[in-house]
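2 protein chains.
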Amino acid sequence: MAKDLVLGIDVGGQTTKCGVVDAEGNILAQCVIRSDDHTDATEFVDSLSDALHPLIEKAGAEGRIKGIGMGAPNGNYYTGEIENAPNVAWARNGRVPIAKMLQERMNGIPVTLTNDANAAAMGEMLYGAARGMKNFIVITLGTGVGSGIVIDGKVVYGHDGFAGELGHTCAIRDGRLCGCGKRGCLEAYTSATGVARTAQEWLEAGEDKDAPSLLRNNVKITSKDVYDAARQGDNLALRVFEYTGRILGESLADFIAFSAPEAIILFGGLARAREFLEEPIRKAMNDNVVSLWRNKVMLLFSPLKESDAAILGAAALAL
Amino acid sequence: MAKDLVLGIDVGGQTTKCGVVDAEGNILAQCVIRSDDHTDATEFVDSLSDALHPLIEKAGAEGRIKGIGMGAPNGNYYTGEIENAPNVAWARNGRVPIAKMLQERMNGIPVTLTNDANAAAMGEMLYGAARGMKNFIVITLGTGVGSGIVIDGKVVYGHDGFAGELGHTCAIRDGRLCGCGKRGCLEAYTSATGVARTAQEWLEAGEDKDAPSLLRNNVKITSKDVYDAARQGDNLALRVFEYTGRILGESLADFIAFSAPEAIILFGGLARAREFLEEPIRKAMNDNVVSLWRNKVMLLFSPLKESDAAILGAAALAL
């Protein structure tokens, strides 16, 4: 009972999830606060620390929290700052030194920050699909596409702390406009948003126009709509997933050539469409990879519950 | 005078270069032997050790060689084996445990092996453009395209020892057939061979057919021909380099997103065409990279003399 505990905090655009975690990855207590009801970082950190103190008490963890790990969009491990995170209301422009701010309010308990995809990679290494692995890549498939790269047992941060932006490598030269301002990024095709865009674009282009589709006449298609339609055998929806999987697999083949990982692990909302994505991804990955890695790199899906994984990943940073 | 020395050995398809090197990167003595006059690995290692003993004597280095570093195509750092190296007559099929074989003939002096591009990266870090850097990528532009990736001051070997095959990432989807059997690899466009192929293909396709070109009616164009023509202001040759540079720059933009390096360093025969390649590479790299790295990652050309660099890179492995 006297073992050290850590706090894991996952900052998202809408909500921030917090949990008290032990070394075995048990979440002893957790809470969720809103991230989007403040435009001022100081006010957000105030309400975060207001939530953390009772949480620690609830877990019977007073005096036992040895560190705080925090995953956040554009979180920089080196500086402890969130930098220009478009989806976070109080960190949209400029730099928020959130690690330092929180540490001051938490009586000096050290706070370690990284981006959410790197936190996911830490979580997989300690508690998930990558236990025992030293070289792997986690691709997070959510609203966007992120990545956490682990080489020799360590997350790759690079020269400036921002390594692992694989969602913004080029999947289709001069392709679709991405939210980042570039064209053809992997994220523009293989995120939840990308899946919805593919379906929308194909319908608008009159694809399959003489065949029935559950997606037709849907004013605003979501990736959930595409998934639901695919589950009902909708041909267009199935083809959207096949196309998405192929594009992702082609990119994964190139990522393998970089760091020769033992496995690639898919994580996040869209990874739940595994039944439709897995085979096209695996095929394209093996068709396009250098022959020495063909059928040798594992393609895995995260076994972690998404709600827990974000907290566990952040907690793993502090362990 | 009593300082430790190392041997650097660069195994190429045609020749193998050997040198006795001190900690400051001075080559005290060197020799070259043929790699291609044996089809049996044992015979090659015999003639190599026959050359090394007098070389050590010539450098006055008897008893002072503390290690041997060796760069070779498909050299595996983990296993000490050369595996299926198509251009090396005695290592074409299967695995040659060359580190162990040489160590036995050299009275147990430890031999460390890696591939030639990783050796080049080591050489840049110790003696070249990457001195003082911890995160950089070396791209070797020769007959093929290789890469050595350094993260946190260490060469990336990956799970199996073969990381850093960036020459075989996809530059043009469904593009030109590469020597590796895949289509559209970076190597098929931005190697010396690739430059010659581009010129040949463009001429065959009737590109610029009404304009004069020094390359026309050349039965077998080499990259040297294209370079010489470009130096004389030949329009087609200049455009070949511009195209080559653009393709390389586009790929470099994606490599940056992986490991966030401080610099990318170009090395090898084709890098000598810097006057024609540098600007197109830099432009395409910055046009295509994620905005946070735009104009922030240095593009450097190796300052090392190519003949020395191979020996120094291999020697750096043993230091």
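Sequence order for the protein chains is A and B.
Going by the working numbering, the final residue of the first sequence carries number 319, and the count climbs one at a time with no gaps.
Going by the working numbering, the final residue of the second sequence carries number 1319, and the count climbs one at a time with no gaps.
Glycine included, each C-beta is placed from N, C-alpha and C at the ideal position.
Margin query: The beta strand (DSSP E) that contains Gly148 of chain A, what's its start and end?
Written below: Numbered from its first residue, the first sequence carries residue 148 of chain A at position 148. Per DSSP, Gly148 of chain A belongs to the beta strand (DSSP E) from 145-151.
Checklist line | Residue nearest to Asn1135 of chain B in terms of C-alpha spacing, selected from A:Thr143, A:Asn115, A:Asp160, A:Gly69 | finding: For the purposes of this step, residue 1135 of chain B is taken as the residue at position 135 of the second sequence. The residue with the shortest Cα to Cα distance from Asn1135 of chain B is A:Asp160.
Check: Should Val145 of chain A and Asn118 of chain A be called a contact, given that it needs their Cβ atoms to be closer than 7 Å?
Finding: By 1-based counting over the first sequence, the position of residue 145 of chain A is 145. By 1-based counting over the first sequence, the position of residue 118 of chain A is 118. No, these two residues do not count as a Cβ contact at 7 Å.
Note to self: Can you tell me whether Gly1132 of chain B is buried or exposed? The criterion is at least 16 other CB atoms within 10 Å of its CB, across all chains shown.
What the structure shows: For the purposes of this step, residue 1132 of chain B is identified with residue 132 of the second sequence, where counting begins at 1. So Gly1132 of chain B counts as exposed.
Notebook entry, point to check: Would you say Ala1314 of chain B and Gly1008 of chain B are within 7 Å of each other, going by their C-beta atoms?
Noted result: Position 314 of the second sequence, counting from 1, holds the residue named residue 1314 of chain B. Position 8 of the second sequence, counting from 1, holds the residue named residue 1008 of chain B. Yes.
Check: Is the stretch 1286-1300 of chain B touching the stretch 1090-1104 of chain B in the sense that three or more CB pairs, one from each, lie closer than 8 Å?
Finding: no
Note to self: Could you tell me which whole alpha helix (DSSP H) segments of length 4 or greater appear in the stretch 1060-1129 of chain B?
What the structure shows: 1098-1105, 1116-1127
Next item on the list: Starting from the C-beta of Ala29 of chain A, find all residues in its chain whose C-beta is less than 6 Å away, skip the five residues before and the five after it, and write them out in chain order.
Entry: By one-based count along the first sequence, residue 29 of chain A stands at place 29. Excluding positions up to five away in sequence, the list reads Val20, Leu55, Lys58, Ala59.
Checklist line | Chain-ordered chain A contacts of Gly1181 of chain B [CB-CB under 7 Å] | finding: Counting from one through the second sequence, the residue named residue 1181 of chain B turns up at place 181. Correct list: Ser291.
Check: So which residues on chain A does Leu1166 of chain B lean against when the C-beta distance must stay under 7 Å?
Finding: For this step, residue 1166 of chain B is matched to residue 166 along the second sequence. In chain order: Ala257, Phe258.
Notebook entry, point to check: DSSP puts Thr337 of chain A in a beta bridge; with which residues?
Noted result: Outside the displayed range of chain A (1 to 319) lies residue 337 of chain A, so it cannot be described from this structure.
Next item on the list: Please report how far the alpha carbon of Met1001 of chain B lies from the alpha carbon of Arg1231 of chain B, in whole angstroms.
Entry: Along the second sequence, read from residue 1 onward, the residue named residue 1001 of chain B stands at position 1. Along the second sequence, read from residue 1 onward, the residue named residue 1231 of chain B stands at position 231. Low per-residue confidence applies at Met1001 of chain B: pLDDT is 46, beneath 50, and the placement is therefore not dependable, though the value from the model is reported in the following sentence. Their Cα atoms are separated by approximately 46 Å.
Checklist line | Contact with chain A by Pro1097 of chain B, beta-carbon distance below 7 Å | finding: The count along the second sequence starts at 1 and reaches residue 1097 of chain B at position 97. Chain A, which has no Cβ nearer than 7 Å to the Cβ of Pro1097 of chain B, makes this no.
Checklist line | Chain-ordered neighbours of Asp1160 of chain B on chain A, where CB pairs are closer than 7 Å | finding: For the purposes of this step, residue 1160 of chain B is taken as residue 160 along the second sequence, with counting starting at 1. Neighbours of Asp1160 of chain B on chain A, chain order: Ala260.
Item checked: Close-in-space but distant-in-sequence residues of the same chain around Asp1174 of chain B (CB under 8 Å, 5 per side omitted) -> Start at 1 with the first residue of the second sequence, and residue 1174 of chain B comes out as number 174. So the list reads Arg1183, Gly1184, once near-sequence residues are dropped.
Item checked: the stretch 1137-1160 of chain B: positions lying closer than 8 Å to chain A by Cβ -> Ile1149, Ile1151, Asp1152, Lys1154, Val1156, Tyr1157, Gly1158, His1159, Asp1160
Next item on the list: Spatial neighbours of Leu300 of chain A within its chain, please: CB distance less than 6 Å, with the 5 preceding and 5 following residues excluded, ordered by chain position.
Entry: Stepping through the first sequence from its first residue, residue 300 of chain A is reached at position 300. Hits under 6 Å: Ala129, Ala263, Ile265.
Note to self: Can you check which of these residues, A:Thr39, A:Ala41, A:Asp50, A:Ala23, is closest to Cys31 of chain A by C-alpha distance?
What the structure shows: Within the first sequence, the letter at position 31 stands for residue 31 of chain A. Per the Cα distances, A:Asp50.
Margin query: Tell me which residues of the stretch 224-251 of chain A have at least one Cβ-Cβ distance to chain B shorter than 8 Å, keeping chain order.
Written below: Glu250
Checklist line | Inter-residue Cα distance where the pair is Val1297 of chain B and Leu1052 of chain B | finding: Here residue 1297 of chain B corresponds to residue number 297 of the second sequence, with the count starting at 1. Here residue 1052 of chain B corresponds to residue number 52 of the second sequence, with the count starting at 1. Their Cα atoms are separated by approximately 41 Å.
Checklist line | Identified DSSP bridge partners for Asp40 of chain A | finding: For the purposes of this step, residue 40 of chain A is identified with residue 40 of the first sequence, where counting begins at 1. Looking at the DSSP assignment, Asp40 of chain A forms no beta bridge with any residue, so it has no partner.
Check: Phe1267 of chain B lies in the alpha helix (DSSP H); which residues open and close that run?
Finding: Sequence index remark: in the second sequence, residue 1267 of chain B carries index 267 (1-based). From DSSP, Phe1267 of chain B is part of no alpha helix (DSSP H) but of the beta strand (DSSP E) over 1263-1267.
Notebook entry, point to check: How is Thr1140 of chain B classed by DSSP in three states: helix, strand or coil?
Noted result: Taking the second sequence and counting its residues from 1, the one referred to as residue 1140 of chain B is at position 140. Strand at Thr1140 of chain B.
Next item on the list: Run down chain A in chain order and give the residues with a C-beta less than 7 Å from the C-beta of Thr1169 of chain B.
Entry: Stepping through the second sequence from its first residue, residue 1169 of chain B is reached at position 169. Those are Asp254, Ala257, listed as they occur along chain A.
Margin query: Less than 7 Å between the C-beta atoms of Ala257 of chain A and Ser223 of chain A, yes or no?
Written below: The residue you call residue 257 of chain A lines up with position 257 of the first sequence. The residue you call residue 223 of chain A lines up with position 223 of the first sequence. No. Outside cutoff.
Note to self: Looking only at its chain, what residues have a beta carbon closer than 6 Å to the beta carbon of Gly194 of chain A, apart from the 5 residues adjacent to it on each side?
What the structure shows: Position 194 of the first sequence, counted from the start, is the residue given in the question as residue 194 of chain A. Once the five neighbours on either side are set aside, the close Cβ partners of Gly194 of chain A are Ala188.
Checklist line | Nearest-angstrom beta carbon gap, Ala199 of chain A and Ala240 of chain A [assumed within contact, 8 Å] | finding: For the purposes of this step, residue 240 of chain A is taken as residue 240 along the first sequence, with counting starting at 1. For the purposes of this step, residue 199 of chain A is taken as residue 199 along the first sequence, with counting starting at 1. Before going on, a small fix: residue 240 of chain A reads as Val here, not Ala. So it is a contact: roughly 5 Å between Cβ atoms.
Item checked: Counterpart residues of Leu1186 of chain B in DSSP-defined beta bridges -> The residue labelled residue 1186 of chain B in the question sits at position 186 within the second sequence. Bridge partners of Leu1186 of chain B: none, in fact.
Next item on the list: Compare the C-beta of Asn295 of chain A with all C-beta atoms of chain B and state if any pair is closer than 7 Å.
Entry: Mapped onto the first sequence, residue 295 of chain A falls at position 295. Cβ-Cβ to chain B under 7 Å: no for Asn295 of chain A.
Next item on the list: Determine whether the Cβ of Ala163 of chain A lies closer than 7 Å to any Cβ atom of chain B.
Entry: As a working mapping, residue 163 of chain A is identified with position 163 in the first sequence. Answer yes: the Cβ-Cβ gap between Ala163 of chain A and chain B drops below 7 Å somewhere.
Item checked: Option nearest Ile1311 of chain B by Cα separation, candidates B:Leu1113, B:Thr1079, B:Gln1103 -> Taking the second sequence and counting its residues from 1, the one referred to as residue 1311 of chain B is at position 311. Of the candidates B:Leu1113, B:Thr1079, B:Gln1103, the one whose C-alpha sits nearest the C-alpha of Ile1311 of chain B is B:Leu1113.
Item checked: In chain order, each alpha helix (DSSP H) run of at least 4 residues that lies wholly inside the stretch 1239-1288 of chain B -> 1274-1288
Margin query: When you compare the CB of Leu177 of chain A with every CB in chain B, is at least one pair closer than 7 Å?
Written below: For this step, residue 177 of chain A is matched to residue 177 along the first sequence. So no, Leu177 of chain A is outside the interface.
Notebook entry, point to check: In three-state terms, what does DSSP make of Ala1029 of chain B?
Noted result: Locating residue 1029 of chain B in the second sequence gives position 29, counting from the first residue. Of the three classes helix, strand and coil, the one that applies to Ala1029 of chain B here is strand, per DSSP.
Notebook entry, point to check: With which residues is Leu1005 of chain B paired in a DSSP beta bridge?
Noted result: What you label residue 1005 of chain B is simply residue 5 of the second sequence in a count that begins at 1. Looking at the DSSP assignment, Leu1005 of chain B forms a beta bridge with B:Ile1065.
Next item on the list: Return the bridge partner residues of Leu1300 of chain B from the DSSP annotation.
Entry: Along the second sequence, read from residue 1 onward, the residue named residue 1300 of chain B stands at position 300. Partner(s): B:Ile1265.
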